[in-house]
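Undergrad:
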Amino acid sequence: QSVLTQPPSVSAAPGQKVTISCSGSSSNIGNSYVSWYQQIPGTAPKLLIYDNNKRPSGIPDRFSGSKSGTSATLGITGLQTGDEADYYCGTWDSSLSAVVFGGGTKLTVL
Amino acid sequence: QVQLVESGGGVVQPGRSLRLSCAASAFTFRSYAMHWVRQAPGKGLEWVAVISYDGTNKYYGDSVKGRFTISRDNSKNTLYLQMNSLRAEDMAVYYCARDGGRYGGNSQVSMGYWGQGTLVTVSS
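Sequence lines, in order, name chains A and B. Each residue of the first sequence is one higher than the last, beginning at 7 in our numbering. Each residue of the second sequence is one higher than the last, beginning at 33 in our numbering.
#1: Out of curiosity, what's the CA-to-CA distance linking S139 of chain B and E121 of chain B?
#2: Counting contacts by CB-CB distance shorter than 8 Å, is Q45 of chain B in contact with chain A?
#3: Going by C-alpha to C-alpha distance, which of B:S155, B:T153, B:V141 sits closest to N34 of chain A?
#4: Determine the DSSP secondary structure at F61 of chain B, reduced to helix, strand or coil.
#5: Below 7 Å on C-beta distance, what does L53 of chain A contact in chain B?
#6: If we call anything under 8 Å between Cβ atoms a contact, is M115 of chain B one with S53 of chain B?
#7: Suppose you measure from the CA of G71 of chain A to the CA of S63 of chain A; what does that come to, to the nearest Å?
#8: Mind checking who A38 of chain B pairs with in its DSSP beta bridge?
#9: So, does the CB of N89 of chain B fall closer than 8 Å to a CB anywhere in chain A?
#10: Consider the Cβ of P62 of chain A: report whether some Cβ of chain B lies at a distance smaller than 8 Å.
#11: Quick one: list the residues of chain A neighbouring L77 of chain B, beta-carbon separation under 8 Å, in chain order.
#12: Give me whichever residues DSSP pairs with G112 of chain A in a beta bridge.
#13: Taking the straight line between their C-alpha atoms, what separation do you get for L80 of chain A and L118 of chain B?
#14: Under 7 Å between beta-carbons, which chain A residues line up against Q35 of chain B? List them in chain order, please.
#15: Hey, N58 of chain A and S100 of chain A: beta-carbon distance below 8 Å or not?
#16: Checking the sheet assignment: what are the DSSP bridge partners for G71 of chain A?
#17: Return the residue from the list A:K73, A:T83, A:T11, A:W42 that minimises the CA-CA distance to D67 of chain A.
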């Protein structure tokens, strides 16, 4: 049971837009920045979004992040088959004094 | 470019110990906090531990607290994870990752660079 809650799976057609939610509480998302990671099976995770909505160099602007209260959302527009991967949200939990991740969301591009 | 290379994984019996290493290059290692994150087969990411840039602050996940120890040698640009009293549920790919800042254990944590991972198998 993860501290952060994500939907197990989402799907959409190529070219479409998808959003992935990440729900937490006041001790984590409510008081900390959220980051998002993409993991293509068999490879290491890759940082997509940090500080709620910032993109590292090299990450296309098709990827966006937002946060409201105790929830965060990853948005992906112009879906490509190469976007098929597992996506994780993460943040700091001040009550646990620990980094917490969501359970992950598998994105299928139909 | 930034490179993180883990080593030290392998097969170990339950109750035994193992030490993982993570060799860092192409960045100022002593300026960044570092994390260990693991992933059991077919499962999601599980954070293990973080150490601040100078080694003075360390935090651990509940599942490894008291059994694992994170440390670093800034003179060797190397991060370590000493794993004692290993259990079957510790079997996973272990990744080292660089934090975006000096401290890691704060509200602005993020992991911008990851190694390729090293597999730890716990089996009798």
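A virtual CB, placed ideally from N, CA and C, is assigned to each residue, including glycine. Every value quoted in this text rests on a predicted model; they were computed, and no experiment measured them.
TA: Short version:
#1: For the purposes of this step, residue 139 of chain B is taken as the residue at position 107 of the second sequence. For the purposes of this step, residue 121 of chain B is taken as the residue at position 89 of the second sequence. Rounded to the nearest angstrom, the two C-alpha atoms are 28 Å apart.
#2: Position 13 of the second sequence, counted from the first residue, corresponds to residue 45 of chain B. False, the Cβ-Cβ gap to chain A never drops below 8 Å.
#3: The sequence position of residue 34 of chain A within the first sequence is 28, counting from 1. Comparing Cα positions, the closest option is B:V141.
#4: Mapped onto the second sequence, residue 61 of chain B falls at position 29. The answer is helix: DSSP assigns F61 of chain B an H, G or I state.
#5: Indexing the first sequence from 1 puts residue 53 of chain A at position 47. Within chain B, the residues near L53 of chain A are S142, M143, G144.
#6: Start at 1 with the first residue of the second sequence, and residue 115 of chain B comes out as number 83. Start at 1 with the first residue of the second sequence, and residue 53 of chain B comes out as number 21. Contact: no.
#7: The count along the first sequence starts at 1 and reaches residue 71 of chain A at position 65. The count along the first sequence starts at 1 and reaches residue 63 of chain A at position 57. Cα to Cα, G71 of chain A sits roughly 15 Å from S63 of chain A.
#8: Counted from its first residue, the second sequence places residue 38 of chain B at position 6. Rather than Ala, the amino acid found at residue 38 of chain B in this sequence is Glu. For E38 of chain B, which the question treats as bridged, DSSP gives the partners B:C54.
#9: Translated into positions along the second sequence, residue 89 of chain B becomes position 57. Chain A, which has no Cβ nearer than 8 Å to the Cβ of N89 of chain B, makes this no.
#10: Taking the first sequence and counting its residues from 1, the one referred to as residue 62 of chain A is at position 56. With 8 Å as the cut-off, P62 of chain A counts as an interface residue toward chain B.
#11: In the second sequence, counting from the first residue as 1, residue 77 of chain B sits at position 45. Result: Y43, Q45, P51, Y94, G96, F107, G110.
#12: By one-based count along the first sequence, residue 112 of chain A stands at place 106. Note that residue 112 of chain A is Lys in the sequence shown, not Gly. A:S15, A:D92.
#13: Translated into positions along the first sequence, residue 80 of chain A becomes position 74. Translated into positions along the second sequence, residue 118 of chain B becomes position 86. Looking at the backbone, the Cα of L80 of chain A and that of L118 of chain B are separated by about 36 Å.
#14: By one-based count along the second sequence, residue 35 of chain B stands at place 3. Those within 7 Å of Q35 of chain B in chain A number zero; the least Cβ separation is about 12 Å.
#15: For the purposes of this step, residue 58 of chain A is identified with residue 52 of the first sequence, where counting begins at 1. For the purposes of this step, residue 100 of chain A is identified with residue 94 of the first sequence, where counting begins at 1. It is not a contact, given that the beta carbons lie outside the stated cut-off.
#16: Within the first sequence, numbered from 1, the residue matching residue 71 of chain A stands at position 65. Paired residues: A:L80.
#17: Position 61 of the first sequence, counted from the start, is the residue given in the question as residue 67 of chain A. Nearest C-alpha to D67 of chain A: A:T83.
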